[in-house]
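Note that the protein sequences, when read in sequence, are chains L and C.
Read in order, the letters of the first sequence correspond to residues 1 to 289 in the working numbering.
Read in order, the letters of the second sequence correspond to residues 290 to 578 in the working numbering.
Where is the CB? At the ideal position from N, CA and C, for every residue including glycine.
Number of protein chains: 2
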Amino acid sequence: MNSLIELVNKKLDEYVQIIYPEEIFKSMKYTLMLPGKRLRPVMCLEIVRMLGGDIEVALPTACAIEMLHVQSLIHDDLPCMDNDDFRRGKPSNHKVFGEANAVLAGDALLTFAPQLIIEKTKGKLPDEIILKLVHEYTKFAGAYALIAGQVVDIESECGKLVRSAEETLDFIHMNKTAALFRLPIRCGAIIAGKIDLVEELDEFAKKFGLAFQIYDDIMDEISTFEELGKTIGKDKNSGKLTYVSLYGLEEAKNKFGLLINDCYDIVNKYHSNVFKNILDKLRERILGV
Amino acid sequence: MNSLIELVNKKLDEYVQIIYPEEIFKSMKYTLMLPGKRLRPVMCLEIVRMLGGDIEVALPTACAIEMLHVQSLIHDDLPCMDNDDFRRGKPSNHKVFGEANAVLAGDALLTFAPQLIIEKTKGKLPDEIILKLVHEYTKFAGAYALIAGQVVDIESECGKLVRSAEETLDFIHMNKTAALFRLPIRCGAIIAGKIDLVEELDEFAKKFGLAFQIYDDIMDEISTFEELGKTIGKDKNSGKLTYVSLYGLEEAKNKFGLLINDCYDIVNKYHSNVFKNILDKLRERILGV
Chain L
1 MNSLIELVNK KLDEYVQIIY PEEIFKSMKY TLMLPGKRLR PVMCLEIVRM
51 LGGDIEVALP TACAIEMLHV QSLIHDDLPC MDNDDFRRGK PSNHKVFGEA
101 NAVLAGDALL TFAPQLIIEK TKGKLPDEII LKLVHEYTKF AGAYALIAGQ
151 VVDIESECGK LVRSAEETLD FIHMNKTAAL FRLPIRCGAI IAGKIDLVEE
201 LDEFAKKFGL AFQIYDDIMD EISTFEELGK TIGKDKNSGK LTYVSLYGLE
251 EAKNKFGLLI NDCYDIVNKY HSNVFKNILD KLRERILGV
Chain C
290 MNSLIELVNK KLDEYVQIIY PEEIFKSMKY TLMLPGKRLR PVMCLEIVRM
340 LGGDIEVALP TACAIEMLHV QSLIHDDLPC MDNDDFRRGK PSNHKVFGEA
390 NAVLAGDALL TFAPQLIIEK TKGKLPDEII LKLVHEYTKF AGAYALIAGQ
440 VVDIESECGK LVRSAEETLD FIHMNKTAAL FRLPIRCGAI IAGKIDLVEE
490 LDEFAKKFGL AFQIYDDIMD EISTFEELGK TIGKDKNSGK LTYVSLYGLE
540 EAKNKFGLLI NDCYDIVNKY HSNVFKNILD KLRERILGV
């Protein structure tokens, strides 16, 4: 697990070189290199390893997906969105580089990610497969997933609900949180040449994504700033729609428990220590076992 | 020329369907469908026609490039950037949909554009060529071109010049304005299967791009709001670095004249009425002949 995180950090640092005009590359790199769990790229690499693929070939795609994740954090933190001053324990991008640069750094990461997949994978996988990876990226990064989730999230905060609260909450997180796990897991299977396993693993990714969001909502309720490195209790204070606010803490824990138990199937089937490690940590933190 | 514009408008309208969550698709479509000259997609299609390619096959790419252009307009108009309330004679995106939606609509267009190229060109061109088109898109849309130009533009407005004023101005517009003409022209040659002509046509695109920016700077000096549909005299009033502010009106006209004359080579070589039409209009407006 730690060696995969180190590998991702090393590659992220290598892929973004600071050239003229330096400010934009510094801004991209600032949030990108803040210490993080690198869950998404690590899961992508682990899927590739599990299915007998080549981790080296998967690194550009894994890192590109982390760039997309960081892009969404930079734009979500903007004053016109969630207006968050801290991210991973440090001042958010726009607090350091200003709003204009934060918008542009997000834009730059959003388009650098597929560029990286193409340039660093070309010749190592067939063009058809690279095109498939970029297609997956564009499907999940845009208005049909990630951005749809963010838009409905913002609308729900303004009390504008087109669908029921339950449906709205699931829509937001299937498209926001889960999409960012579905993408690396689907890409992992594609890189490993196991196209026939994409849909089965996608089911795992959806369940894991929702479990992870419920984990996040519960942690926002019970943790401290020091533990999470971001503003805490904001959801509660703003009356935001979360799994805890909608179902209550106990029912949210139950939902989390059911989803996370299903996720262990992947550990049993593929004997993945990395996935066992990730699932164990989340379960212990929420359920104490 | 007009039939190409109509074709582009029809396809843009068709490609962006308004589904749930409607607000984001409405926001994307609002700025996209404001009446414009559609110069970039039209030039892409005309290159394809000139070189014997299939315009139908080129339409998704041509429209994707217009989406990138519109994305850059939406984000440039934001309060934290140029803070412009009008675009193409109408309220800018953030004035109608709010800042959060304007940021997200830009993000969504930026990633929908390559998705469109892949989904609508798949099977009509070899995967290798589609991958090349998407690669060109990512190279020009990001921190190595369009965004680099925008960052240096913003820095120069704050009086922060790392290079000389002349070099800075050329860097900004080679990366901002010219990049958005280089991309459709290069893609046009690629779609037509004339890879060997890409670099020659790229030289035309660079000259046209700079000429077009000088045209724009001069028009900002001599036009009215009614003519341009956007705030006028802003550059002058803000002391912005432009070809007119740096070289004076007469010298800017001279520079424009030299560049635009070179551009006529393409008209003579390929007998393109569309390019003749575009060049004639620009020249007449600035030089009166």
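The C-beta distance from LEU4/L to LEU45/L rounds to 5 angstroms, short enough to meet the 8 angstroms contact threshold. By the rule that beta-carbons nearer than 8 angstroms mark a contact, LYS194/L does not touch chain C. Between TYR243/L and LYS255/L, the beta carbon gap of about 7 angstroms places them in contact (Cβ cut-off 8 angstroms). Residue contact with chain C for MET28/L: present (Cβ-Cβ distance below 8 angstroms to some residue of chain C).
Counting other Cβ atoms within 10 Å of its Cβ, LEU530/C reaches 16 or more and is therefore classed as buried. Considering only VAL385/C, LEU405/C, THR320/C and ALA394/C, the residue with the shortest C-alpha distance to TYR304/C is LEU405/C.
Using beta-carbon distances, CYS80/L counts as an interface residue toward chain C, with a partner under 8 angstroms. Looking at the backbone, the Cα of ALA64/L and that of GLU155/L are separated by about 28 angstroms. Contacts with chain L at 8 angstroms (Cβ-Cβ) do not include GLY412/C. Spatial neighbours of ALA500/C in its own chain (CB-CB distance under 6 angstroms, excluding positions within 5 residues in sequence) are listed in chain order as PHE545, LEU548 and ILE549. Look at the beta carbons and you see the region 69–88 of chain L touching the region 388–398 of chain C: at least three pairs across the two are nearer than 8 angstroms. ILE118/L sits close to THR427/C, with the two beta carbons spaced by under 8 angstroms.
With a threshold of 16 other beta carbon atoms within 10 Å, ASP85/L falls short and is exposed. For LYS139/L, at least one C-beta of chain C is nearer than 8 angstroms to its own C-beta. Between GLU56/L and the set MET67/L, GLN17/L, VAL42/L and HIS69/L, the nearest pair of CA atoms involves VAL42/L. Beyond the five residues adjoining it in sequence on each side, LEU161/L comes within less than 7 angstroms, by CB distance, of THR168 in the same chain, given in chain order. By the rule that beta-carbons nearer than 8 angstroms mark a contact, PHE314/C touches chain L.
Judged by DSSP in its simplified three-state form, ARG327/C adopts coil rather than helix or strand. Neighbourhood of LEU110/L in chain C, by CB distance below 7 angstroms: ASP396, LEU399 and THR400, in chain order.
Considered as a whole, the region 168–221 of chain L harbours 179–191 as its complete alpha helix (DSSP H) runs of no fewer than 4 residues, in chain order.
ARG186/L and TYR536/C have their C-alpha atoms some 54 angstroms from each other.
Counting of Cβ neighbours within 10 angstroms places LYS253/L among the buried residues, the total reaching 16 or more. Between the alpha carbons of GLU510/C and SER245/L lies a distance of about 56 angstroms. By the CB criterion at 8 angstroms, ARG87/L and GLU66/L fall outside the cutoff.
Annotation: LYS120/L to GLU99/L spans about 31 angstroms, alpha carbon to alpha carbon. When DSSP states are grouped into helix, strand and coil, PRO91/L belongs to the strand group. Contacts with chain L at 8 angstroms (Cβ-Cβ) include ALA389/C. Cβ contact annotation for GLN71/L (same chain, cutoff 7 angstroms, sequence separation greater than five): GLY106, LEU109 and LEU110, in chain order. LYS240/L carries a coil assignment under DSSP once its states are collapsed to helix, strand and coil. Inter-residue distance for ILE479/C and ALA141/L is about 26 angstroms (C-alpha atoms, whole angstroms).
Contact of GLU166/L with chain C by beta-carbon distance below 7 angstroms is absent, the smallest such distance being about 16 angstroms. The CB of HIS135/L comes closer than 8 angstroms to the CB of GLN404, ILE407 and GLU408 in chain C, given here in chain order. Residue pairing for LYS411/C: DSSP places it in a beta bridge opposite LEU414/C. The Cβ atoms of VAL152/L and ILE172/L sit closer than 8 angstroms to each other. Within chain L, the residues whose beta carbon sits less than 7 angstroms from that of ASP416/C are ASP127, GLU128 and LEU131, listed in sequence order. For GLY448/C, no chain L residue has a C-beta closer than 9 angstroms to its own C-beta; the minimum C-beta separation is roughly 14 angstroms.
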